[in-house]
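Report on the following structure.
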Ligand SMILES: [Zn+2]
Ligand SMILES: [Zn+2]
């Protein structure tokens, strides 16, 4: 059984072979038609949908955005790419011990 997905680059419908195993994460996929790379996201139902163009997988720059969440300091200096599932950590921007202490002191009192 194979499925068709629409390539975000050439907009052709290309056949893909579903993975045997169940993946929850994005999968990098190379278009059979234009050889561009992009990511596929496997829905729990094993329907595939295209995440979008991922120029960073084709020799371009990652589109970094700051991760957010709670507690806030935990995500300081942590970035995730908008277009693919790459992550990076900027050491200089990580929360300092003082900031962490401050957070825990505040929540304990
Ligand atoms: Zn294509
Ligand atoms: Zn990327």
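In this note's numbering, the protein residues as written are 7 to 115.
We put the CB at the ideal spot given by N, CA and C, even for glycine.
These numbers were taken from a predicted model, which means no experiment stands behind them.
Taking the alpha carbon of residue i as the point to measure from, which residue in the options has its own alpha carbon closest?
| i | options | result |
| --- | --- | --- |
| residue 106 | 23, 81 and 88 | 81 |
| residue 59 | 91, 22, 76 and 102 | 91 |
| residue 47 | 38, 40 and 33 | 33 |
| residue 156 | 95, 65, 15 and 45 | For the chain, the structure presents residues 7 to 115; residue 156 sits outside this window and is missing. |
| residue 69 | 93, 75, 23 and 21 | 93 |
Just mark residue i as buried or exposed, buried being the case when its beta carbon has 16 or more other beta carbons within 10 Å.
| i | result |
| --- | --- |
| residue 104 | exposed |
| residue 63 | buried |
| residue 97 | exposed |
| residue 45 | buried |
Alpha carbon to alpha carbon, how far is residue j from residue i? Give it in angstroms, no decimals.
| i | j | result |
| --- | --- | --- |
| residue 108 | residue 19 | 53 Å |
| residue 11 | residue 111 | 51 Å |
| residue 79 | residue 89 | 24 Å |
| residue 61 | residue 87 | 11 Å |
| residue 66 | residue 40 | 16 Å |
| residue 22 | residue 77 | 40 Å |
| residue 117 | residue 83 | Because the chain in this structure spans residues 7 to 115, residue 117 falls outside the shown range and cannot be described. |
| residue 100 | residue 9 | 42 Å |
| residue 15 | residue 35 | 12 Å |
| residue 113 | residue 42 | 48 Å |
| residue 38 | residue 17 | 12 Å |
With residue i and residue j assumed to form a contact (beta carbons below 8 Å), what rounded beta-carbon distance in angstroms separates them?
| i | j | result |
| --- | --- | --- |
| residue 85 | residue 73 | 6 Å |
Relative to ligand 1, what is the chain-ordered list of residues with a Cβ closer than 7 Å to any of its non-hydrogen atoms? 13, 15, 16, 18, 20, 37, 39, 40 and 42
Closer than 5 Å between the C-beta and any heavy atom of ligand 2: which residues qualify, listed along the chain? 62, 68, 87, 89, 90 and 92
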